[in-house]
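Here my numbering is used: position 271 in the sequence shown is 456, and no number is missing along the way. Heads up, the beta-carbon is just placed ideally off N, CA and C, and yes, glycines get one too. Here the structure is a predicted model, which means the values were calculated and not measured.
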Amino acid sequence: MYALLCRANRMAVVQPAVPPTSGLVYRSLLIVISVQFFGNQMAGSFWLVYLVSAPQALAFNVGVLVWLVAFGVAALVVLVLSSGRPIRAARSMTLGILSVAVGHFSFVVLPPLAAVFVAGVCFGTYVPAFWLPMNCLLVRETHRTNRAGRLAGLTAAFTTTGVVAPVVGGYIADLAGYWTLFSLGGAIVLGNLVLVRLLVDPAISFAFSIDLPAANSRTVLALAGQGGVDGLLTIATPLGSFRFTTDSFELGLLFSLFSLAAGVTAVLLGRISDRTKTRGPFLFLGPILSVPACLLAFAVRDLGTFAFAIGWLSLTAAIAPSFIYTILIDRMEDSIPRATASREFSINLGRAVAIVAGLAILSLGGDVYALFLLVGGVILLEALAK
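This is the structure we're talking about:
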């Protein structure tokens, strides 16, 4: 498997993506991604819940800073890495994994307020260091006749692990406490270093640069909208759930419910798009169907309705992002690292700006559920991709 991956990755980084000779490399990368998602979701889903729970009991708008710091740092690190100098993929991914592991462990060894900033910086470093090269490796295993379906596999990996990981995390937190949960989360992502070292050729490198004009201004706005939705849901979903129950296992069940159907839907629609050779209609489908779910999450305040609304939102919000990425790569497939860096910068900047807006709402006395109204507006930006 290692030899096959090495042969597949020896192309020059500026070459266009070509049809892969085998699906083995693609599936191997999805294994690495799934392990990473599992460890991070199992523990990371509870970072904010831990911070606002007793005995830490940080104010909501203080606990939220962990994600503001994370996404702000991520946008800055993308800029640093996008200097045009070649970066070793395996080395960068190793740095990312080590960083996020330290982030998980920081909740075990540091006071809550210190952990907010250390974990935020660590997660912000992890996102571009790991995902810039990983996304390049993944995209190079696609071509125009299978790209939407295969990139939707990334969404499916996230949502599938999202069904299991929060439940496991909630059970561990209830049984052995948050410190055990965060320690195990750090250990799992550290274990992924073995897979990265086995599967990624140490010689492969990418030269990243940001080119927003080439990405198209409408697509950049759509990516920023995607990031805005990600950032707002990162804080609105756990805080909104926390208002109904503080039981870790029940929260884990809620978080997993929200991911149940999204992955399957994304893959099916991606394959339909590949067969029909159309992308545009799917960009409108997700955002338009998401708005009623946002209104329902804001307007009705009981657990059953909230779970239904967020499950609906998770399903529909997962539709557009893989198509936005597909459209971007279709346009810039002669320079995958440039497309990937432009995407990562736009998404993380959108995440940070949206969380600042969310913090402003909370600081002015707004209700947590008002954040879902903001999600309903920001998600419409995703339909702008072109």
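Pairwise C-alpha distance: residue j and residue i
i: residue 556; j: residue 218; result: 29 Å
i: residue 400; j: residue 249; result: 31 Å
i: residue 403; j: residue 410; result: 10 Å
i: residue 487; j: residue 554; result: 12 Å
i: residue 565; j: residue 378; result: 38 Å
i: residue 215; j: residue 320; result: 11 Å
i: residue 489; j: residue 349; result: 20 Å
i: residue 485; j: residue 236; result: 26 Å
i: residue 251; j: residue 243; result: 12 Å
i: residue 204; j: residue 568; result: Model confidence at residue 204 stands at a pLDDT of 42, short of 50, so the residue's coordinates are unreliable and nothing is read from them.
i: residue 419; j: residue 291; result: 19 Å
i: residue 297; j: residue 241; result: 7 Å
i: residue 396; j: residue 534; result: 15 Å
i: residue 276; j: residue 359; result: 36 Å
i: residue 545; j: residue 363; result: 29 Å
i: residue 247; j: residue 306; result: 15 Å
i: residue 520; j: residue 375; result: 31 Å
i: residue 330; j: residue 371; result: 38 Å
i: residue 195; j: residue 299; result: Since pLDDT at residue 195 reaches only 35, below the 50 mark, its modelled position is unreliable, and no value is offered.
i: residue 392; j: residue 245; result: 39 Å
Beta-carbon spacing of residue i, residue j below 9 Å
i: residue 346; j: residue 507; result: no
i: residue 394; j: residue 274; result: no
i: residue 285; j: residue 308; result: yes
i: residue 231; j: residue 278; result: no
i: residue 373; j: residue 220; result: yes
i: residue 303; j: residue 288; result: yes
i: residue 414; j: residue 563; result: yes
i: residue 494; j: residue 481; result: yes
i: residue 491; j: residue 551; result: no
i: residue 317; j: residue 477; result: no
i: residue 344; j: residue 499; result: yes
i: residue 301; j: residue 254; result: yes
i: residue 532; j: residue 524; result: no
Given residue i as reference, the closest of the options once Cα atoms are compared
i: residue 503; options: 468, 385, 491, 525; result: 468
i: residue 268; options: 222, 334, 495, 527; result: 527
i: residue 543; options: 509, 289, 334, 422; result: 422
i: residue 369; options: 420, 228, 548, 560; result: 228
i: residue 225; options: 354, 257, 381, 317; result: 354
i: residue 271; options: 364, 324, 387; result: 387
i: residue 211; options: 306, 325, 276, 300; result: 325
i: residue 428; options: 238, 322, 376; result: 238
i: residue 209; options: 299, 295, 323, 305; result: 323
i: residue 398; options: 516, 545, 247, 538; result: 516
For residue i: DSSP bridge partner residues
i: residue 137; result: Examination of residue 137 is not possible in this model, given that the chain is present from 186 through 571 alone.
Contacting residues, own chain, Cβ-Cβ under 7 Å from residue i (five flanking each side not counted)
i: residue 313; result: 259, 262, 263, 266, 529
i: residue 511; result: 332, 333, 336, 464
i: residue 470; result: 504
i: residue 357; result: 365, 366, 369
i: residue 483; result: 554, 555, 557, 558
i: residue 472; result: 505, 564, 565, 567, 568
i: residue 497; result: 478
i: residue 541; result: 253
i: residue 361; result: none
i: residue 342; result: 215, 218, 219, 222
Neighbourhood of residue i by C-beta distance below 6 Å, restricted to the same chain and skipping five residues each side
i: residue 479; result: 557, 560, 561
i: residue 536; result: 256, 412, 415, 416
i: residue 310; result: 262, 284
i: residue 570; result: 404, 407, 468, 509, 512
i: residue 223; result: 346, 350
i: residue 380; result: 217
i: residue 501; result: 471, 474, 475
Residues of its chain near residue i, where Cβ-Cβ distance is below 8 Å and the 5 sequence neighbours each way are ignored
i: residue 295; result: 303
Contact with chain B by residue i, beta-carbon distance below 9 Å
i: residue 488; result: The question asks about chain B, but that chain is absent: this structure has only one protein chain.
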